[in-house]
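J.:
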Amino acid sequence: MVWIGIVNSKTNKIDVVASGGITDEFLSKINIDLNDEKQSNDPTAKVINTGQYFIADDFLNCSETHPLNEDALQLGYQSFASFPLIVFEEIYGVMNFYSNAKRLFFDEEIKLLERMSMDISFAIEFIQNEARRREAEHAQYEANEYLENLFKYANAPVIVWDTLYRITRFNPAFEILTGRSAKDVIGQTLEILFPPENIESSMELINKAQQGERWKTVEINILHAEGYVRVVLWNSASVFDADGETLVATIAQGQDITERKRAEEGLQATEKRFRSLIEKSSDVIILINSCGIIMYESPSAMRILGYDDKELKGRNAFELVHPDDLQETSALFAKLVQTPGDIVNVQFRICHKDGSWRFLDAIGTNMLSDPDLQAIIINYRDITEYKYFEKELISAKERAEE
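Those letters in the sequence shown? Residues 0 to 401, by numbering that gives the first Met the number 0.
1) On the DSSP letters alone, give me the boundaries of the alpha helix (DSSP H) that Ile-126 sits inside.
2) Between the region 230 to 241 and the region 185 to 192, can you find at least three pairs of beta-carbon atoms closer than 8 Å?
3) Taking the continuous beta strand (DSSP E) assigned at Phe-87, which residues delimit it?
4) Check whether the Cβ atoms of Ser-81 and Phe-58 lie closer than 8 Å to each other.
5) Determine the closest residue to Gln-373 out of Gly-340, Asn-30, Cys-350, Val-1, with distance taken between C-alpha atoms.
6) Tell me, to the nearest whole angstrom, how far the beta carbon of Ile-375 is from that of Ile-287; I am working on the premise that it is less than 8 Å.
7) So, helix, strand or coil for Thr-216, using DSSP?
8) In terms of DSSP beta bridges, what is Glu-327 paired with?
9) Could you pull the start and end residues of the alpha helix (DSSP H) that Leu-311 belongs to?
10) Would you tell me roughly how many angstroms separate the C-alpha atoms of Glu-36 and Lys-45, rounded to the nearest one?
11) Which word fits Gly-140, buried or exposed, when buried means at least 16 other C-beta atoms lie within 10 angstroms of its C-beta?
12) Would the C-beta of Arg-168 count as close to the ligand MN, meaning under 7 Å from any of its heavy atoms?
13) Are the beta-carbon atoms belonging to Val-93 and Gly-19 less than 8 Å from one another?
14) Specify, as a first and last residue, the run of the alpha helix (DSSP H) that Ala-251 falls within.
15) I need the straight-line Cα distance from Ile-303 to Phe-347, nearest angstrom please.
16) Give the single residue among Leu-26, Lys-28, Trp-2, Asp-32 whose Cα lies nearest to the Cα of Ile-13.
17) Within the region 365 to 400, note down every full beta strand (DSSP E) run reaching 3 residues or more, in order along the chain.
18) Within 10 Å of its beta-carbon, does Thr-245 have 16 or more other beta-carbons around it, so buried, or fewer, so exposed?
19) Just to confirm before moving on: does the CB-CB distance between Leu-112 and Phe-96 stay below 8 Å?
20) Are the region 118 to 126 and the region 206 to 219 touching, with three or more C-beta to C-beta distances below 8 Å?
21) Okay, do the region 156 to 175 and the region 244 to 264 touch, 3+ Cβ pairs below 8 Å being the bar?
22) Can you give me the Cβ contacts of Ala-172 inside the same chain, cut-off strictly under 8 Å, excluding the 5 residues immediately before and after it?
23) Is the region 321 to 330 touching the region 343 to 362 in the sense that three or more CB pairs, one from each, lie closer than 8 Å?
24) Provide the residue(s) that pair with Ala-80 in DSSP beta bridges, ordered along the chain.
25) Per DSSP, what are the beta-bridge partners of Lys-12 in this structure?
26) Straight-line CA distance for Asp-307 to Val-336?
27) In its own chain, which residues sit with a C-beta less than 6 Å from the C-beta of Leu-331, not counting the 5 before and 5 after it?
28) Is the Cβ-Cβ distance between Arg-357 and Thr-328 less than 8 Å?
29) Put Ile-198 into one of helix, strand or coil per three-state DSSP.
30) Check the DSSP bridge columns for Ile-221 and list the partner residues they point to.
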């Protein structure tokens, strides 16, 4: 009879996995627990623990096989041999032989059985290697499929080029960005992607990436097949050989920011025109928050009140209002703050830097709810001379009536 057992890694017991001969009655009684110190003297346990084969030529005269003697002799077995199965340099299990003849295991037989156990060990290693290889291949296949789908269906344009600056991969999003098909571009050098006036500067950035520098946010213009230019923000990564040092390719992912750039440029142009109009205006424009703190003043404030921007910015506008006008002005402002989009008109006196009082005619507009302003806009002009003229006119009229 022969049986093969392997060490169960979870229970640390011997599980019988294969057998031959008259086995059912005998094998059903096998229960070798490597955790049990009492069973450590079992021949099979010793083979597992030492990695050395064990031979018992005569059951009756072998004390080490005593626990097996009664069952073995009932089945007619007289001798016993156990050989370790060593897989990847670790004890994997055992192969046990039983014979109805005494002194059967001589040197030649032992060598043959030892060779057989080694062959079985090798076969187990081969099977496990094949299983691992298939698992690795499957995992690699899944990883490749994932990366391929990520590359193919990514919304962002992705490009790969080799160390000779030749394009090797070009995803559909890049086709949309450039108006070119991958088949027309792959194999060509990167220069074909850039506007003529940007080729030199773009290739300088490409060279830095070739030297291992990683782009985080690099702006490079891309020439569309129809002749117009797209502004693209790029990041990149280097792809190295198995040695981790030899560069084999560079991969870059882009974000088309053309529309955003146009919007920014348009906003800058608008702001420039707006600032130019304000600076040339004879009226003063100031922005204050809901608490009355001055956030901005136009340059003409210097001409009217004598304060420069640094002197007024951050101050409370009501600090400069004449005490006799403060209550009315504050009440109108409080009402204005509570009504988005509302407009009020008020005349009041304000303190000039030289200590004199200037009369102002002001229009306030609540733009606190406008996300671009979030302020109260005050447009005012100096009416001091008008007020003095009005006062003199009234006095002259009163004198004439006397």
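A virtual CB, placed ideally from N, CA and C, is assigned to each residue, including glycine.
T.: Taking the definition as stated:
1) Here residue 126 refers to the residue found at position 127 when the sequence shown is read from its first residue. From DSSP, the alpha helix (DSSP H) with Ile-126 extends over 106 to 152.
2) Result no; under three Cβ-Cβ pairs closer than 8 Å.
3) Counting from one through the sequence shown, the residue named residue 87 turns up at place 88. Phe-87 -> no beta strand (DSSP E), and no H or E assigned at all.
4) Translated into positions along the sequence shown, residue 81 becomes position 82. Translated into positions along the sequence shown, residue 58 becomes position 59. Not closer than 8 Å, so no.
5) The count along the sequence shown starts at 1 and reaches residue 373 at position 374. Residue Gly-340 is the option with its Cα nearest to Gln-373.
6) Against the sequence shown, residue 375 aligns to sequence position 376. Against the sequence shown, residue 287 aligns to sequence position 288. Going by Cβ atoms, the distance from Ile-375 to Ile-287 rounds to 5 Å, so yes, they are a contact pair.
7) Position 217 of the sequence shown, counted from the first residue, corresponds to residue 216. Reduced to three states, the DSSP call for Thr-216 is coil.
8) The residue you call residue 327 lines up with position 328 of the sequence shown. Partner(s): none; Glu-327 has no beta bridge.
9) Taking the sequence shown and counting its residues from 1, one reaches residue 311 at position 312. Run containing Leu-311: 308 to 311, per the alpha helix (DSSP H) assignment.
10) In the sequence shown, residue 36 corresponds to position 37, counting from 1. In the sequence shown, residue 45 corresponds to position 46, counting from 1. In a straight line, the C-alpha of Glu-36 is about 11 Å away from that of Lys-45.
11) What you label residue 140 is simply residue 141 of the sequence shown in a count that begins at 1. Note on residue identity: the sequence assigns Tyr, not Gly, to residue 140. Exposed, by the Cβ-count rule.
12) Ligands in the displayed structure: none, and consequently the ligand MN is not present.
13) Position 94 of the sequence shown holds residue 93. Position 20 of the sequence shown holds residue 19. No; because the gap between Cβ atoms is not below 8 Å, this pair is not in contact.
14) Taking the sequence shown and counting its residues from 1, the one referred to as residue 251 is at position 252. Where Ala-251 is concerned, there is no enclosing alpha helix (DSSP H), although the beta strand (DSSP E) it sits in stretches over 246 to 255.
15) Here residue 303 refers to the residue found at position 304 of the sequence shown. Here residue 347 refers to the residue found at position 348 of the sequence shown. For Ile-303 and Phe-347, the distance between alpha carbons rounds to 14 Å.
16) Along the sequence shown, read from residue 1 onward, the residue named residue 13 stands at position 14. It is Asp-32 whose Cα lies nearest to the Cα of Ile-13.
17) 374 to 381
18) Here residue 245 corresponds to residue number 246 of the sequence shown, with the count starting at 1. With fewer than 16 other Cβ atoms within 10 Å, it is exposed.
19) As a position in the sequence shown, residue 112 is number 113, starting the count at 1. As a position in the sequence shown, residue 96 is number 97, starting the count at 1. Cβ atoms of Leu-112 and Phe-96: closer than 8 Å.
20) no
21) yes
22) Stepping through the sequence shown from its first residue, residue 172 is reached at position 173. Within the same chain, Ala-153, Asn-154, Ala-155, Pro-156, Val-157 come within 8 Å of Ala-172 by CB-CB distance, once the 5 residues on both sides are set aside.
23) yes
24) What you label residue 80 is simply residue 81 of the sequence shown in a count that begins at 1. Paired residues: Ile-54, Phe-96.
25) The residue labelled residue 12 in the question sits at position 13 within the sequence shown. Lys-12 is bridged to Asp-32.
26) Here residue 307 refers to the residue found at position 308 of the sequence shown. Here residue 336 refers to the residue found at position 337 of the sequence shown. So the alpha carbons of these two residues sit roughly 26 Å apart.
27) Translated into the one-based positions of the sequence shown, residue 331 becomes position 332. Hits under 6 Å: Val-343, Val-345.
28) Against the sequence shown, residue 357 aligns to sequence position 358. Against the sequence shown, residue 328 aligns to sequence position 329. Cβ atoms of Arg-357 and Thr-328: not closer than 8 Å.
29) As a first step, residue 198 is located in the sequence shown; it is residue number 199 there, counting from the start. Ile-198: helix per DSSP, three-state reduction.
30) Counting from 1 along the sequence shown, the entry for residue 221 is found at position 222. Arg-229, per the DSSP bridge assignment.
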